[in-house]
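Using our numbering, you'd call the opening residue of the sequence shown number 2 and step up by one each time.
Just so you know, even glycine gets a beta-carbon here, dropped at the ideal spot from N, CA and C.
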Amino acid sequence: MRIASITVTLNDAPLKVHDLMFKIVTLCSMVAMHGSSHWVKVLLPVGFDDVVNALRNYKYASNVYFTVLGTSPRVAVFIGGKFFVRTLGFITVITVVIDNGNYIEVKIVTHTNEFAFKGGDLGVSKSYAFEVLKAITKDLGISPSNVLSIDYMDLSKSTLLG
């Protein structure tokens, strides 16, 4: 049974990263059905390829999907998933890496399935988002700057992530 699908077509027009994030999150929301979400946005003082490699090395950030888009600025998209006993289900993580020249911008969103556990996600969305961030920073031996963390994320708060 096919639940939902989205096709993102890139023409010669510049990619609007915010639009891509919206489409990805919309797809995951359709599939996961309005569970809890957590977002993290961070700036990293390292190279784009270093961040991409750190995420590829952490299987729970990229065990579903990974691609580097042929755009300017360079953008990489990762989709991962992990089973959590606390929620009795899988949680999805989507990470977008954007090369802004002087720094790398990383946006991480985690999303639980509302059917996984009726008592809420017990903080798993937030801990998974920071687990992915820690995998990057530990692998590269760096500290993040300008960390923005948003609990109970929904579309109305997405403008906070820029």
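- Starting from the Cα of isoleucine 137, find the closest Cα among Asp50, Gly90, His112 and give me that residue. Asp50
- Own chain partners of phenylalanine 91 with C-beta closer than 6 Å, once the 5 adjacent residues on each side are dropped: The beta carbon of phenylalanine 91 lies closer than 6 Å to those of Gly82, Phe84 in the same chain, with the five residues before and after it left out.
- Round the Cβ separation of valine 94 and alanine 130 to the nearest angstrom and send it over; I've been treating them as touching at under 8 Å. Valine 94 to alanine 130, Cβ: 7 Å. Contact.
- Item | Close-in-space but distant-in-sequence residues of the same chain around valine 125 (CB under 7 Å, 5 per side omitted) | Answer for valine 125: Phe85, Arg87, Thr88, Ile92, Thr113, listed in chain order.
- Using the Cα positions of proline 15 and threonine 72, report the straight-line distance between them to the nearest angstrom. Any reading at proline 15 must be qualified, since the residue scores a pLDDT of 46, below 50, and its modelled position is unreliable; no value is offered.
- According to DSSP, is valine 53 helix, strand or coil? helix
- Query: If we count the other Cβ atoms within 10 Å of its Cβ and call it buried at 16 or more, is lysine 60 buried or exposed?
  - Reply: exposed
- Whole angstroms is fine: what's the gap from alanine 33's alpha carbon to valine 47's? Because alanine 33 sits at a pLDDT of 42, beneath the cut-off of 50, its placement in the model cannot be relied upon, and the point is left open.
- With 16 other CB atoms within 10 Å as the buried threshold, where does leucine 149 fall? Per the 10 Å Cβ criterion, exposed.
- Hey, quick one: how far does the beta strand (DSSP E) through isoleucine 92 stretch, first residue to last? 90 to 100
- Rounded C-beta distance between serine 38 and valine 110? I'm assuming under 8 Å. 6 Å
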